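K.L.:
In terms of our numbering, the sequence shown is numbered consecutively and its last residue is 234. Mind looking over this structure? Questions follow.
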Amino acid sequence: MIKGFRGTSLVDYPGKISSVVFTYGCNFRCPYCYNIDLVLPERYSKLEDIPEDVVIEELKRRKGFIKGVVITGGEPTLWERKLVYFIERVVYEVGLPVKLDTNGSLPDVVKSLVEMDIIDYWAIDFKTAPERYKEVKGDFSKVEKSFEYLKPLGFRVEVRITCYPPLVGKDEIKKMIPYLEGFKRIAIQKYEPYDSISGEKVEPYTKEFYLWLKEFLLENLRDLEVIERF
Numbered sequence: 005m006i007k008g009f010r011g012t013s014l015v016d017y018p019g020k021i022s023s024v025v026f027t028y029g030c031n032f033r034c035p036y037c038y039n040i041d042l043v044l045p046e047r048y049s050k051l052e053d054i055p056e057d058v059v060i061e062e063l064k065r066r067k068g069f070i071k072g073v074v075i076t077g078g079e080p081t082l083w084e085r086k087l088v089y090f091i092e093r094v095v096y097e098v099g100l101p102v103k104l105d106t107n108g109s110l111p112d113v114v115k116s117l118v119e120m121d122i123i124d125y126w127a128i129d130f131k132t133a134p135e136r137y138k139e140v141k142g143d144f145s146k147v148e149k150s151f152e153y154l155k156p157l158g159f160r161v162e163v164r165i166t167c168y169p170p171l172v173g174k175d176e177i178k179k180m181i182p183y184l185e186g187f188k189r190i191a192i193q194k195y196e197p198y199d200s201i202s203g204e205k206v207e208p209y210t211k212e213f214y215l216w217l218k219e220f221l222l223e224n225l226r227d228l229e230v231i232e233r234f
């Protein structure tokens with residue numbers, strides 16, 4: 005399940021110094037994704053598995069310095085049983101809170117984790133307008149269910165919008181607004197033209213677009229905190 009580990013991060017868990025655990029495999033194919041080694045089978049098959057026990061012991065060693073653990077991917081929820089067991093070990097054996105990054109494609113797993121209440125903080129991606137999800141190999145109807153399970157958690161959830169110009173423009177944002185109603189925290193993320201699955205170098209938006217997006221969200225959604233990552 006685990007193919008990568010970063011001992012210290014200052015940016016992945018809001019308000020906490022964290023370690024980051026990377027799972028492999030993903031059911032989406034976002035053209036701007038730069039975690040190629042964790043998404044494409046021909047790439048992650050060449051990476052060594054990191055034993056769970058090794059990660060747990062390292063987290064125990066770092067406890068006191070780090071204040072949380074981020075689990076990201078790939079798509080972690082693809083590993084439902086192993087994921088739940090690992091999170092329980094982090095929470096109850098190590099004694100650290102967990103942040104989980106997900107694309108929301110497996111709502112039954114999201115619902116189960118919400119009911120277990122073992123995730124301290126969630127980050128869920130909103131890729132593009134609902135009707136365009138097929139372009140990232142996703143099914144928005146499933147993501148919408150995950151949204152509904154997460155909305156009641158309030159500020160423990162952030163919806164991340166990565167502003168990749170071919171998928172996220174003003175028209176797409178306007179179509180996303182109804183599904184964002186009820187969330188308390190939205191993160192606007194800058195697209196950077198790293199090496200990606202598509203191999204294309206797309207020109208990023210200027211800062212003016214991000215400022216427009218922030219203002220548009222605040223004008224159209226109630227009781228909202230916007231996180232700037234641009």
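Cβ atoms here follow ideal geometry from the backbone N, Cα and C, with glycine treated the same way. Small disclaimer: the values here were computed from a predicted structure and weren't measured.
Please report the Cβ distance between Gly-8 and Phe-26, rounded to the nearest whole angstrom; I am assuming they are in contact, meaning their Cβ atoms lie under 8 Å.
P.N.:
3 Å
K.L.:
Between which residues of its own chain and Ser-13 is the CB-CB distance below 6 Å, once the five residues before and five after are set aside?
P.N.:
Within the same chain, Ser-13 has close Cβ partners Ser-22 and Val-24.
K.L.:
According to DSSP, is Gly-68 part of a helix, a strand, or is it coil?
P.N.:
coil
K.L.:
Sort Val-147, Leu-104 and Leu-217 by Cα distance to Lys-174 and report the nearest one.
P.N.:
Leu-217
K.L.:
With a threshold of 16 other CB atoms inside 10 Å of the CB of Tyr-89, please say whether the residue is buried or exposed.
P.N.:
exposed
K.L.:
Apply the 10 Å Cβ neighbour rule to Lys-111 and answer buried if 16 or more other Cβ atoms are within range, or exposed otherwise.
P.N.:
Looking at the sequence provided, one finds Pro at residue 111 rather than Lys. Buried, by the Cβ-count rule.
K.L.:
Go to Lys-115, then tell me how far its alpha helix (DSSP H) extends in each direction, as first and last residue.
P.N.:
Start and end: 111-120.
K.L.:
Under a three-way DSSP split, which group does Phe-187 fall into?
P.N.:
coil
K.L.:
Measure the CB-CB distance between Ile-122 and Ile-75 and report whether it falls below 8 Å.
P.N.:
no
K.L.:
Please report the distance separating the alpha-carbon of Asp-227 from that of Glu-46.
P.N.:
44 Å
K.L.:
Could you pull out every residue in the same chain whose Cβ sits closer than 7 Å to the Cβ of Lys-20, ignoring the five residues on either side in sequence?
P.N.:
Closer than 7 Å at Cβ, skipping near neighbours: Lys-71 and Gly-72.
K.L.:
Figure out for me which residue from Tyr-168, Leu-87 and Glu-97 has the closest Cα to the Cα of Leu-117.
P.N.:
Of Tyr-168, Leu-87 and Glu-97, the residue nearest in Cα terms is Leu-87.
K.L.:
Suppose you measure from the CA of Ser-202 to the CA of Pro-35; what does that come to, to the nearest Å?
P.N.:
5 Å
K.L.:
Taking the beta strand (DSSP E) that Val-161 falls in, what are its first and last residues?
P.N.:
161-167
K.L.:
State yes or no: is the C-beta of Val-43 within less than 8 Å of the C-beta of Gly-68?
P.N.:
Contact flag unset, no.
K.L.:
Sort out for me which residues DSSP pairs Ile-231 with in a bridge.
P.N.:
Beta-bridge analysis with DSSP links Ile-231 to Ala-191.
K.L.:
Taking only three categories from DSSP, how would you classify Val-172?
P.N.:
coil
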